[in-house]
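Asks:
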Amino acid sequence: MCMLNRLLKTATRTTKPGFRTKAVRWLITCDENGCYTGVIPAGTDDHGLIIACPDAGTQAQSTNGAHFLCDKLEIVVLFDKDRGDSGKYEKNQTFFNFILEASSYIPYLRCAYALLSDSTQLANIREDLKKLNAKNSELATIRIGSRIPIEELEVVDWWSGRRLGQSTTSDHMRCFVTGDLVTPAENHPKISGLKKFGGRGQDALISFYAPSFTSFGLKESNNACMAEDTATSYAEALNQLISDRSIEVGGALCTYWFSHLVQHEEDCFSYLQNPETPEPGADSLPITRPE
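The numbering used here numbers the first residue of the sequence shown as 25 and each following residue consecutively.
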(Lines of atoms letter the chains of each structure in order from A; the text may use other names.)
(Lines give C-alpha, C1' and ligand atoms only; values in the text may rest on other atoms or scores of the structure.)
Protein backbone atom coordinates (compact mmCIF):
# COMPACT_ATOMS: atom_id res chain seq x y z
CA MET A 25 0.00 0.00 0.00
CA CYS A 26 2.93 2.31 0.69
CA MET A 27 4.09 1.89 -2.92
CA LEU A 28 0.60 2.69 -4.24
CA ASN A 29 0.45 5.86 -2.15
CA ARG A 30 3.78 6.98 -3.54
CA LEU A 31 2.70 6.17 -7.10
CA LEU A 32 -0.42 8.28 -6.65
CA LYS A 33 1.72 11.19 -5.48
CA THR A 34 3.68 11.04 -8.75
CA ALA A 35 0.54 10.93 -10.90
CA THR A 36 0.47 14.06 -13.07
CA ARG A 37 -1.90 13.01 -15.82
CA THR A 38 -5.63 13.56 -15.51
CA THR A 39 -6.82 10.63 -17.59
CA LYS A 40 -10.47 9.95 -16.82
CA PRO A 41 -11.77 6.51 -15.85
CA GLY A 42 -12.61 4.58 -19.00
CA PHE A 43 -9.72 6.15 -20.90
CA ARG A 44 -6.11 5.17 -21.31
CA THR A 45 -3.13 7.04 -22.68
CA LYS A 46 -1.98 5.30 -25.86
CA ALA A 47 0.40 5.92 -28.75
CA VAL A 48 -1.74 6.17 -31.89
CA ARG A 49 0.38 5.39 -34.95
CA TRP A 50 -2.03 6.03 -37.85
CA LEU A 51 -4.85 8.39 -38.79
CA ILE A 52 -7.31 6.98 -41.32
CA THR A 53 -8.80 10.07 -42.91
CA CYS A 54 -12.03 10.86 -44.74
CA ASP A 55 -14.05 13.92 -45.69
CA GLU A 56 -17.40 15.00 -44.23
CA ASN A 57 -19.18 12.61 -46.59
CA GLY A 58 -17.25 9.54 -45.44
CA CYS A 59 -15.10 9.36 -48.58
CA TYR A 60 -11.59 8.01 -48.00
CA THR A 61 -8.80 10.60 -48.34
CA GLY A 62 -5.74 8.64 -47.20
CA VAL A 63 -3.72 7.24 -44.30
CA ILE A 64 -1.22 9.49 -42.56
CA PRO A 65 1.22 8.87 -39.69
CA ALA A 66 0.08 10.33 -36.37
CA GLY A 67 2.55 12.38 -34.37
CA THR A 68 6.03 13.45 -35.35
CA ASP A 69 7.95 10.18 -34.99
CA ASP A 70 7.57 6.41 -35.15
CA HIS A 71 6.09 6.32 -31.64
CA GLY A 72 2.91 8.02 -32.77
CA LEU A 73 0.59 10.58 -31.19
CA ILE A 74 -0.01 10.24 -27.44
CA ILE A 75 -3.76 10.51 -26.82
CA ALA A 76 -6.11 9.58 -23.98
CA CYS A 77 -8.24 7.04 -25.83
CA PRO A 78 -11.56 5.39 -24.89
CA ASP A 79 -10.74 2.03 -23.34
CA ALA A 80 -13.11 -0.93 -22.91
CA GLY A 81 -10.82 -2.62 -20.40
CA THR A 82 -10.87 -6.39 -20.12
CA GLN A 83 -14.00 -6.59 -22.29
CA ALA A 84 -11.82 -5.78 -25.30
CA GLN A 85 -9.80 -8.96 -24.70
CA SER A 86 -12.74 -11.26 -25.45
CA THR A 87 -13.17 -12.90 -28.87
CA ASN A 88 -15.65 -10.22 -29.89
CA GLY A 89 -14.25 -7.33 -27.85
CA ALA A 90 -12.91 -4.00 -29.14
CA HIS A 91 -12.26 -0.45 -28.05
CA PHE A 92 -14.20 2.62 -29.17
CA LEU A 93 -12.74 4.64 -32.09
CA CYS A 94 -9.13 3.56 -31.52
CA ASP A 95 -7.83 0.02 -31.84
CA LYS A 96 -5.33 -2.17 -33.66
CA LEU A 97 -5.28 -2.05 -37.44
CA GLU A 98 -6.17 -5.73 -37.57
CA ILE A 99 -9.45 -4.81 -35.85
CA VAL A 100 -10.24 -1.38 -37.28
CA VAL A 101 -9.78 -2.30 -40.96
CA LEU A 102 -9.04 -6.07 -40.75
CA PHE A 103 -5.48 -5.34 -41.88
CA ASP A 104 -2.91 -8.12 -42.14
CA LYS A 105 0.30 -7.21 -43.93
CA ASP A 106 0.92 -10.83 -44.97
CA ARG A 107 -2.53 -12.29 -45.64
CA GLY A 108 -4.39 -9.10 -46.54
CA ASP A 109 -7.32 -9.85 -44.21
CA SER A 110 -6.84 -10.43 -40.47
CA GLY A 111 -10.05 -12.42 -40.09
CA LYS A 112 -10.97 -10.66 -36.82
CA TYR A 113 -14.56 -10.13 -37.95
CA GLU A 114 -16.27 -10.29 -34.56
CA LYS A 115 -13.97 -7.68 -33.04
CA ASN A 116 -14.35 -5.55 -36.15
CA GLN A 117 -18.15 -5.73 -35.82
CA THR A 118 -17.98 -4.58 -32.19
CA PHE A 119 -15.78 -1.66 -33.27
CA PHE A 120 -18.43 -0.76 -35.88
CA ASN A 121 -21.27 -1.14 -33.41
CA PHE A 122 -19.66 1.34 -31.00
CA ILE A 123 -19.42 3.93 -33.77
CA LEU A 124 -22.97 3.29 -34.95
CA GLU A 125 -24.32 3.59 -31.40
CA ALA A 126 -22.41 6.84 -30.78
CA SER A 127 -23.56 8.32 -34.12
CA SER A 128 -27.13 8.46 -32.77
CA TYR A 129 -25.90 11.18 -30.41
CA ILE A 130 -22.94 12.52 -32.43
CA PRO A 131 -24.19 12.64 -36.04
CA TYR A 132 -20.87 13.37 -37.77
CA LEU A 133 -19.55 9.97 -36.66
CA ARG A 134 -21.76 8.46 -39.37
CA CYS A 135 -18.96 9.48 -41.74
CA ALA A 136 -16.60 7.10 -39.95
CA TYR A 137 -19.13 4.29 -40.16
CA ALA A 138 -19.69 4.97 -43.87
CA LEU A 139 -15.94 4.89 -44.47
CA LEU A 140 -15.20 1.64 -42.66
CA SER A 141 -18.28 -0.26 -43.82
CA ASP A 142 -17.51 0.28 -47.52
CA SER A 143 -15.64 -2.77 -48.83
CA THR A 144 -14.01 -0.85 -51.71
CA GLN A 145 -12.70 1.90 -49.43
CA LEU A 146 -11.60 -0.72 -46.92
CA ALA A 147 -9.52 -2.46 -49.60
CA ASN A 148 -7.92 0.88 -50.56
CA ILE A 149 -7.06 1.59 -46.92
CA ARG A 150 -5.40 -1.80 -46.50
CA GLU A 151 -3.43 -1.34 -49.71
CA ASP A 152 -2.14 2.05 -48.54
CA LEU A 153 -1.20 0.61 -45.13
CA LYS A 154 0.80 -2.11 -46.83
CA LYS A 155 2.73 0.51 -48.83
CA LEU A 156 3.46 2.35 -45.57
CA ASN A 157 4.85 -0.84 -43.98
CA ALA A 158 2.26 -0.65 -41.21
CA LYS A 159 2.06 -3.41 -38.62
CA ASN A 160 -1.11 -5.30 -37.72
CA SER A 161 -0.84 -4.42 -34.03
CA GLU A 162 -0.29 -0.67 -34.47
CA LEU A 163 -3.09 1.58 -33.25
CA ALA A 164 -5.23 3.65 -35.57
CA THR A 165 -8.10 6.07 -35.24
CA ILE A 166 -10.27 8.12 -37.58
CA ARG A 167 -9.86 11.73 -38.69
CA ILE A 168 -12.90 13.35 -40.31
CA GLY A 169 -11.86 16.47 -42.19
CA SER A 170 -9.68 18.27 -39.65
CA ARG A 171 -11.36 16.68 -36.62
CA ILE A 172 -10.01 13.75 -34.62
CA PRO A 173 -13.13 12.50 -32.81
CA ILE A 174 -11.39 10.88 -29.83
CA GLU A 175 -10.04 14.33 -28.90
CA GLU A 176 -13.48 15.97 -28.99
CA LEU A 177 -15.30 16.71 -25.72
CA GLU A 178 -18.66 15.40 -26.93
CA VAL A 179 -17.09 12.03 -27.76
CA VAL A 180 -15.34 11.88 -24.37
CA ASP A 181 -18.62 12.74 -22.61
CA TRP A 182 -20.58 10.14 -24.58
CA TRP A 183 -18.16 7.32 -23.74
CA SER A 184 -18.02 8.35 -20.07
CA GLY A 185 -21.83 8.44 -19.89
CA ARG A 186 -22.16 5.08 -21.59
CA ARG A 187 -19.82 3.45 -19.09
CA LEU A 188 -21.68 4.93 -16.11
CA GLY A 189 -24.97 3.71 -17.55
CA GLN A 190 -23.61 0.17 -17.75
CA SER A 191 -22.19 0.05 -14.23
CA THR A 192 -23.53 -2.95 -12.32
CA THR A 193 -22.06 -2.05 -8.92
CA SER A 194 -23.93 0.17 -6.47
CA ASP A 195 -22.41 -1.01 -3.17
CA HIS A 196 -19.81 1.16 -1.47
CA MET A 197 -16.61 -0.01 0.22
CA ARG A 198 -13.56 1.55 1.85
CA CYS A 199 -10.83 2.32 -0.68
CA PHE A 200 -7.72 0.26 0.04
CA VAL A 201 -5.49 3.27 -0.66
CA THR A 202 -7.37 6.46 0.28
CA GLY A 203 -9.71 5.14 2.98
CA ASP A 204 -12.66 6.89 1.33
CA LEU A 205 -16.06 5.28 0.91
CA VAL A 206 -16.22 4.54 -2.83
CA THR A 207 -17.81 2.43 -5.54
CA PRO A 208 -15.17 -0.23 -6.24
CA ALA A 209 -13.69 -0.68 -9.70
CA GLU A 210 -14.35 -4.22 -10.91
CA ASN A 211 -11.11 -4.37 -12.90
CA HIS A 212 -7.98 -2.22 -12.91
CA PRO A 213 -6.19 -0.76 -15.94
CA LYS A 214 -3.34 -2.85 -17.28
CA ILE A 215 0.40 -2.17 -17.02
CA SER A 216 2.42 -2.14 -20.26
CA GLY A 217 6.06 -2.76 -21.11
CA LEU A 218 6.67 -5.92 -19.09
CA LYS A 219 6.64 -8.57 -21.83
CA LYS A 220 10.44 -8.68 -22.01
CA PHE A 221 10.54 -9.36 -18.27
CA GLY A 222 8.10 -12.26 -18.14
CA GLY A 223 4.83 -10.38 -18.49
CA ARG A 224 2.20 -10.72 -21.18
CA GLY A 225 2.45 -7.17 -22.52
CA GLN A 226 -0.71 -6.08 -20.70
CA ASP A 227 -0.48 -7.09 -17.04
CA ALA A 228 -2.49 -6.40 -13.89
CA LEU A 229 -0.62 -5.03 -10.89
CA ILE A 230 -3.54 -5.93 -8.62
CA SER A 231 -5.42 -9.11 -9.48
CA PHE A 232 -7.45 -11.76 -7.67
CA TYR A 233 -8.23 -14.00 -10.60
CA ALA A 234 -7.72 -17.32 -8.79
CA PRO A 235 -10.37 -18.20 -6.14
CA SER A 236 -7.63 -19.02 -3.62
CA PHE A 237 -6.72 -15.33 -3.45
CA THR A 238 -10.22 -14.07 -2.66
CA SER A 239 -11.84 -13.50 0.73
CA PHE A 240 -15.33 -13.06 2.20
CA GLY A 241 -17.02 -13.93 -1.09
CA LEU A 242 -15.67 -10.81 -2.81
CA LYS A 243 -15.02 -10.95 -6.54
CA GLU A 244 -11.92 -9.85 -8.43
CA SER A 245 -10.55 -6.43 -7.48
CA ASN A 246 -13.12 -5.90 -4.71
CA ASN A 247 -10.68 -7.84 -2.53
CA ALA A 248 -8.54 -4.69 -2.52
CA CYS A 249 -11.21 -2.09 -3.24
CA MET A 250 -10.24 1.09 -5.07
CA ALA A 251 -12.27 3.78 -6.76
CA GLU A 252 -11.94 3.71 -10.53
CA ASP A 253 -10.19 7.08 -10.68
CA THR A 254 -7.63 5.89 -8.08
CA ALA A 255 -6.94 2.70 -10.04
CA THR A 256 -6.61 4.71 -13.25
CA SER A 257 -4.19 7.15 -11.59
CA TYR A 258 -1.79 4.55 -10.21
CA ALA A 259 -1.78 2.61 -13.49
CA GLU A 260 -1.12 5.74 -15.54
CA ALA A 261 1.65 6.79 -13.16
CA LEU A 262 3.36 3.39 -13.34
CA ASN A 263 3.01 3.19 -17.13
CA GLN A 264 4.55 6.65 -17.40
CA LEU A 265 7.46 5.66 -15.15
CA ILE A 266 8.09 2.50 -17.17
CA SER A 267 8.10 4.58 -20.34
CA ASP A 268 10.22 7.51 -19.10
CA ARG A 269 12.15 6.44 -15.99
CA SER A 270 13.08 2.79 -15.97
CA ILE A 271 16.27 0.79 -16.26
CA GLU A 272 17.11 -2.89 -16.59
CA VAL A 273 19.14 -4.24 -13.69
CA GLY A 274 20.04 -7.92 -13.48
CA GLY A 275 17.28 -8.95 -15.87
CA ALA A 276 14.61 -7.02 -13.95
CA LEU A 277 12.92 -3.73 -14.82
CA CYS A 278 13.32 -1.03 -12.18
CA THR A 279 11.42 2.25 -12.15
CA TYR A 280 12.33 5.24 -10.03
CA TRP A 281 11.48 8.87 -9.39
CA PHE A 282 12.68 11.78 -7.29
CA SER A 283 10.88 13.97 -4.77
CA HIS A 284 12.06 17.10 -6.61
CA LEU A 285 13.37 18.20 -10.00
CA VAL A 286 16.75 16.61 -10.74
CA GLN A 287 19.13 17.56 -13.53
CA HIS A 288 20.27 14.78 -15.83
CA GLU A 289 23.84 14.93 -14.53
CA GLU A 290 22.54 14.39 -10.98
CA ASP A 291 20.44 11.35 -11.92
CA CYS A 292 22.50 8.53 -10.44
CA PHE A 293 20.32 5.86 -12.06
CA SER A 294 21.07 7.10 -15.56
CA TYR A 295 24.70 6.12 -15.01
CA LEU A 296 23.65 2.52 -14.36
CA GLN A 297 22.00 2.44 -17.78
CA ASN A 298 24.80 4.26 -19.61
CA PRO A 299 27.89 4.09 -17.39
CA GLU A 300 30.75 6.44 -18.11
CA THR A 301 34.38 6.03 -17.17
CA PRO A 302 35.45 9.16 -15.29
CA GLU A 303 38.67 10.90 -16.23
CA PRO A 304 41.60 10.13 -13.94
CA GLY A 305 41.48 12.45 -10.94
CA ALA A 306 37.93 13.59 -11.69
CA ASP A 307 35.47 14.09 -8.87
CA SER A 308 33.09 11.23 -8.14
CA LEU A 309 29.63 11.33 -9.69
CA PRO A 310 27.06 13.32 -7.69
CA ILE A 311 24.48 11.21 -5.92
CA THR A 312 20.89 12.30 -5.40
CA ARG A 313 18.76 10.08 -3.26
CA PRO A 314 15.52 8.98 -4.97
CA GLU A 315 12.23 9.03 -3.13
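Think of the CB as a built atom: it goes at the ideal place given N, C-alpha and C, for glycine as much as any other residue.
May I ask which residues mark the beginning and end of the beta strand (DSSP E) holding Glu272?
Replies: From DSSP, the beta strand (DSSP E) with Glu272 extends over Ser270 to Val273.
Asks: Does DSSP put Met27 in a helix, in a strand, or in coil?
Replies: DSSP places Met27 in helix when its eight states are reduced to three.
Asks: Select from Asn29, Ala126 and Val286 the residue whose C-alpha is nearest the C-alpha of Gly185.
Replies: For Gly185, the nearest C-alpha among the options comes from Ala126.
Asks: Only counting runs of 3 or more residues, tell me where the beta strand (DSSP E) segments fall wholly within the stretch 223-274, in order along the chain.
Replies: Listed in chain order, they are 270-273.
Asks: CA-CA distance, Arg107 and Ala261?
Replies: Roughly 38 Å between the two C-alpha positions.
Asks: Where does Ser127 fall in DSSP's three states?
Replies: Helix.
Asks: Quick one: Cα of Asn160 to Cα of Asp109, how far?
Replies: So the two alpha carbons sit approximately 10 Å from each other.
Asks: Keeping to the same chain, check which residues put their C-beta closer than 8 Å to that of Ala90; ignore five residues upstream and five downstream.
Replies: Excluding residues within five positions, the ones whose Cβ falls inside 8 Å are Ala80, Ala84, Ile99, Lys115, Asn116, Thr118, Phe119 and Phe122.
Asks: Would you mind stating whether Asn263 and Ile215 have Cβ atoms separated by less than 8 Å?
Replies: It is a contact, given that the beta carbons lie within the stated cut-off.
Asks: What residues match up with Cys54 in a beta bridge as DSSP calls it?
Replies: DSSP lists Tyr60 and Ile168 as partners of Cys54.
Asks: Can you tell me whether Ser216 is helix, strand or coil according to DSSP?
Replies: Note: Ser216 maps to strand in three-state DSSP.
Asks: Inspect the CB distances between the stretch 168-178 and the stretch 151-159 and report whether three or more fall short of 8 Å.
Replies: The stretch 168-178, when compared against the stretch 151-159, does not touch it at the 8 Å Cβ threshold.
Asks: For Lys33, collect the residues of the same chain with a Cβ closer than 7 Å to its Cβ; drop the 5 residues on either side in sequence, then sort them by chain order.
Replies: None.
Asks: Using only the alpha-carbon positions, how far apart do Asn57 and Cys135 sit?
Replies: Between Asn57 and Cys135, the C-alpha separation is close to 6 Å.
Asks: Exposed or buried, what is Glu151 when buried is set at 16 or more other beta-carbons lying within 10 Å of its beta-carbon?
Replies: Glu151 is exposed by the Cβ-count criterion.
Asks: Helix, strand or coil for Arg49? Go by DSSP, reduced to three states.
Replies: The answer is coil: DSSP assigns Arg49 none of H, G, I, E or B.
Asks: Can you give me the C-alpha to C-alpha distance between Lys46 and Thr207, rounded to a whole angstrom?
Replies: Roughly 26 Å between the two C-alpha positions.
Asks: Tell me which same chain residues have a C-beta within less than 6 Å of the C-beta of Met197, skipping the five on either side of it?
Replies: Pro208 and Cys249, listed in sequence order.
Asks: Which whole-angstrom value describes the C-beta separation of Ile130 and Trp182, a residue pair presumed to lie in contact below a C-beta threshold of 8 Å?
Replies: Correct: roughly 6 Å between the Cβ atoms.
Asks: Considering only the alpha carbon of each residue, which of Phe240, Asp104, Ile266 and Val179 lies closest to Ile149?
Replies: Among Phe240, Asp104, Ile266 and Val179, the Cα nearest to that of Ile149 is on Asp104.
Asks: Taking only three categories from DSSP, how would you classify Arg198?
Replies: Of the three classes helix, strand and coil, the one that applies to Arg198 here is strand, per DSSP.
Asks: Taking Cβ positions, are Asn211 and Thr87 nearer each other than 8 Å?
Replies: For Asn211 and Thr87, no; Cβs fall outside 8 Å.
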